[in-house]
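Participant: Residue numbers (the UniProt record's numbering): 1 to 373. Ideal placement from N, C-alpha and C gives every residue a C-beta, glycine not left out. Every value quoted in this text rests on a predicted model; they were computed, and no experiment measured them. Sharing a structure below in C-alpha cells format, with a few things to ask.
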C-alpha cells in the first residue's frame with residue numbers, strides 16, 4: 001500500500017503527552033500513513049510508550065537515540081526514513097484533528113500543491129482554547145509566492161515559522177536537500193521553511209485549523225540563553241542575506257524586521273532576570289550593560305522608538321530606558337517577566353497579559369514614558 005503521508009514526531013521525556021499525540025495520529029481518517037517516532041534520548045517512559053504503540057500498529061516506526069541530540073537532528077533522521085508522498089511534522093506534546101491529513105492530502109492532490117498549510121488552535125492547561133488562527137482558502141502560484149508569501153518568511157508568522165501545520169511534498173525536500181539546521185539554538189523551523197518555500201511552485205492555505213498546539217510547556221521550550229542578543233542579531237543577518245538571495249529588498253520590510261528584533265530585546269531582558277541563568281546581581285547587571293552598550297542594538301532601539309514600531313507603550317518605555325542606560329525600569333520589567341510571569345502556568349499568564357493590555361495601563365505607561373525622556 002503506497003504511503004501518502006509520513007508523519008515525523010521527535011520526542012524527549014514526553015510521557016505525560018505522548019500517548020495523546022500518538023492516538024491522534026493512529027485515529028486519522030487517512031489510513032495510508034507512516035508514523036515515525038524519534039526518541040531523542042528520553043529518560044522517562046516515553047520510549048516504552050512509543051514501543052507499545054508500535055507493536056499495536058504496523059504503520060509506526062520507532063527510532064531510539066541513545067543520547068539527546070536535539071530536535072533538528074531527530075527530525076533529520078525522520079526525513080531520511082520517510083517514504084510518503086508528502087511529509088508532516090508533529091511535536092510530541094501537541095495533537096491533530098482526525099481529519100487533518102485526509103483534508104490536507106486531498107487538497108494537495110486537487111491543486112497539485114507542493115505545500116499545504118493548516119490553521120492552528122492554541123491550548124492552555126486542561127485543553128482550554130486560548131486562540132485560533134485560520135486563513136481564507138488561498139492558492140499561491142509562482143508570482144504570488146514571491147510577492148505575498150515569501151516575505152512572511154522574514155517574520156515570525158504561522159505561515160512561515162512552524163513546520164507542524166504543514167504538508168510538504170517529499171520530492172521537493174529531497175531535490176533541494178533541505179534539512180533542519182543543527183547549529184541554531186532557536187529559529188531552526190523558520191530556517192527550514194526558508195530553504196523550501198522559494199523552490200515551491202504552488203502553496204495552498206486551508207481555511208480550517210486542524211493542528212492543536214499545547215502551550216503549557218512554552219516556557220520550557222524557550223529556555224533562557226546567555227548572550228541571547230548574539231543569537232537574534234545573527235538571525236537578523238541571516239534574514240537580510242536570505243531576502244537579498246531571493247531578490248527581495250530588505251529596506252521594504254525594515255520596520256517589520258526592527259519590530260521583531262525589539263521583541264527579542266525585551267525577551268533578552270527577561271532571560272537576564274530568569275532563575276538559574278546568572279548567579280548574582282552583579283552578573284545580571286553586567287549582562288544588561290552589555291546589551292545596552294551593543295552598538296547595533298542601540299541603533300535598532302533608536303529606530304523602534306522614533307517610529308514607535310511596538311504597539312505596547314510599556315515595551316517602548318522599557319526600551320527607551322535601556323537606550324538611555326536608566327536601568328531601574330528595565331530591571332523591574334526583567335524581574336517581573338523573568339522571575340514572576342514566565343514561570344507561571346499559562347492560564348494565569350494569559351490573565352496577566354490581558355490586564356497589561358488594558359487602556360488604563362497604556363495611559364499610565366504613556367505618562368511614565370514622558371517622564372523618562
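#1: For the alpha helix (DSSP H) that contains residue 103, what are its first and last residues?
#2: Should residue 30 and residue 53 be called a contact, given that it needs their Cβ atoms to be closer than 9 Å?
#3: Is the beta carbon of residue 8 closer than 9 Å to that of residue 104?
#4: By how many angstroms is the C-alpha of residue 274 removed from the C-alpha of residue 336?
#5: Can you tell me whether residue 138 is helix, strand or coil according to DSSP?
#6: Rounded to whole angstroms, what is the Cα-Cα separation between residue 128 and residue 93?
#7: Assign residue 247 to buried or exposed, taking buried as 16 or more other Cβ atoms, counted over all protein chains shown, within 10 Å of its Cβ.
#8: Which whole-angstrom value is the C-beta distance of residue 169 and residue 82, which I expect to be below 8 Å?
#9: Are the region 138 to 151 and the region 197 to 209 in contact at 8 Å, needing three or more beta carbon pairs?
#10: Only counting the same chain, and skipping five residues up and downstream in sequence, which positions put a Cβ closer than 6 Å to that of residue 278?
#11: How big is the Cα-Cα spacing for residue 22 and residue 251?
#12: Whose C-beta lies closer than 8 Å to the C-beta of residue 323 among residues of the same chain, with five residues either side of it excluded?
#13: Would you kindly work out how many angstroms separate the C-alpha atoms of residue 107 and residue 317, rounded to a whole number?
#14: Report the residue from 135, 189 and 289 whose alpha carbon sits nearest the alpha carbon of residue 72.
#15: Between 50, 84, 181 and 187, which lies nearest to residue 264 when the distance is taken from Cα to Cα?
#16: Considering only residues of the same chain and omitting the five flanking positions on each side of residue 272, which have a CB-CB separation below 6 Å?
#17: Considering only their Cβ atoms, is the gap separating residue 10 from residue 32 smaller than 9 Å?
#18: Just to confirm the assignment: which complete alpha helix (DSSP H) runs, minimum length 4, are found wholly within the region 52 to 82?
#19: So what does residue 6 bridge to, in DSSP terms?
#20: Using the beta-carbon count (16 or more within 10 Å), is residue 42 buried or exposed?
#21: Can you name, in chain order, every residue of its own chain whose Cβ lies under 6 Å from the Cβ of residue 214, other than the five neighbours on each side?
#22: Have a look at residue 115 and residue 46 and give me their C-alpha separation to the nearest angstrom.
#23: Considering only C-alpha positions, which residue in the set 68, 212 and 84 is nearest to residue 130?
#24: In three-state terms, what does DSSP make of residue 129?
#25: Could you check the C-alpha separation between residue 319 and residue 327 for me, to the nearest Å?
#26: Just reading off the alpha helix (DSSP H) that residue 226 is part of, what are its end residues?
#27: For residue 212, which beta-bridge partners are listed by DSSP?
#28: Do you know whose CA, among 121, 260 and 34, lies nearest residue 4's CA?
#29: What residue does the alpha helix (DSSP H) around residue 335 start on, and which one ends it?
#30: Pick from 19, 28 and 12: whose alpha carbon is nearest that of residue 6?
#31: Any beta carbon from chain B within less than 9 Å of residue 71's own beta carbon?
#32: Going straight from the alpha carbon of residue 120 to that of residue 44, what length do you get?
#33: Leaving aside the five residues before and after residue 235 along the sequence, list all residues of the same chain whose C-beta is less than 7 Å from its C-beta, in chain order.
#34: Taking the alpha-carbon of residue 60 as reference, which of 24, 69, 66 and 70 has the nearest alpha-carbon?
#35: Determine the closest residue to residue 193 out of 152, 321 and 330, with distance taken between C-alpha atoms.
#36: With which residues is residue 39 paired in a DSSP beta bridge?
Facilitator: The answer reads as follows:
#1: 100 to 111 is the span of the alpha helix (DSSP H), which, as asked, contains residue 103.
#2: Against a cut-off of 9 Å, the Cβ pair of residue 53 and residue 30 comes out as no contact.
#3: Cβ atoms of residue 104 and residue 8: not closer than 9 Å.
#4: Cα atoms of residue 336 and residue 274: separation of roughly 9 Å, rounded to the nearest angstrom.
#5: Three-state DSSP puts residue 138 in a strand.
#6: If you take the alpha carbons of residue 128 and residue 93, they lie about 15 Å apart.
#7: When all chains shown are included, residue 247 counts as exposed.
#8: So it is not a contact: roughly 12 Å between Cβ atoms.
#9: Counting C-beta pairs with one atom in each stretch, the region 138 to 151 and the region 197 to 209 have three or more that are closer than 8 Å, which means they touch.
#10: Correct list, in chain order: 284.
#11: Per the coordinates, the alpha-carbon of residue 22 lies some 45 Å from the alpha-carbon of residue 251.
#12: Listed in chain order, the non-local C-beta contacts of residue 323 below 8 Å within the same chain comprise 292, 298, 301, 302 and 305, local neighbours out to five positions each way being set aside.
#13: Rounded to the nearest angstrom, the two C-alpha atoms are 47 Å apart.
#14: Selected option, being the one with the closest Cα: 189.
#15: Here the closest residue by C-alpha is 187.
#16: Spatial neighbours of residue 272 in its own chain (CB-CB distance under 6 Å, excluding positions within 5 residues in sequence) are listed in chain order as 284, 287, 288 and 334.
#17: Going by beta carbons, residue 32 and residue 10 fall outside the 9 Å limit.
#18: Here the runs fully enclosed are 71 to 81.
#19: Paired residues: 34 and 87.
#20: It is buried - the Cβ of residue 42 has at least 16 other Cβ atoms within 10 Å.
#21: Excluding sequence neighbours, residue 214 sits near 93, 94 and 123.
#22: For residue 115 and residue 46, the gap between their C-alpha atoms comes out near 31 Å.
#23: Of the candidates 68, 212 and 84, the residue whose Cα lies closest to the Cα of residue 130 is 212.
#24: Assignment of residue 129 by DSSP, reduced to helix, strand and coil, places it in the strand class.
#25: Straight-line Cα distance between these residues: approximately 10 Å.
#26: No alpha helix (DSSP H) contains residue 226, which DSSP labels as neither H nor E.
#27: Residue 212 is bridged to 95 and 121.
#28: Checked all of 121, 260 and 34; the closest Cα to residue 4 is 34.
#29: In this chain, the alpha helix (DSSP H) harbouring residue 335 covers 328 to 335.
#30: Closest by alpha carbon: 28.
#31: Going by chain labels, chain B is absent from the structure shown, which holds only one protein chain.
#32: Rounded to whole angstroms, residue 120 to residue 44 spans 29 Å at the Cα level.
#33: Answer for residue 235: 187, listed in chain order.
#34: The shortest Cα separation from residue 60 among 24, 69, 66 and 70 belongs to 24.
#35: Residue 193 has its Cα closest to that of 152, out of 152, 321 and 330.
#36: Checking the DSSP bridge columns, you'll see residue 39 partnered with 11 and 64.
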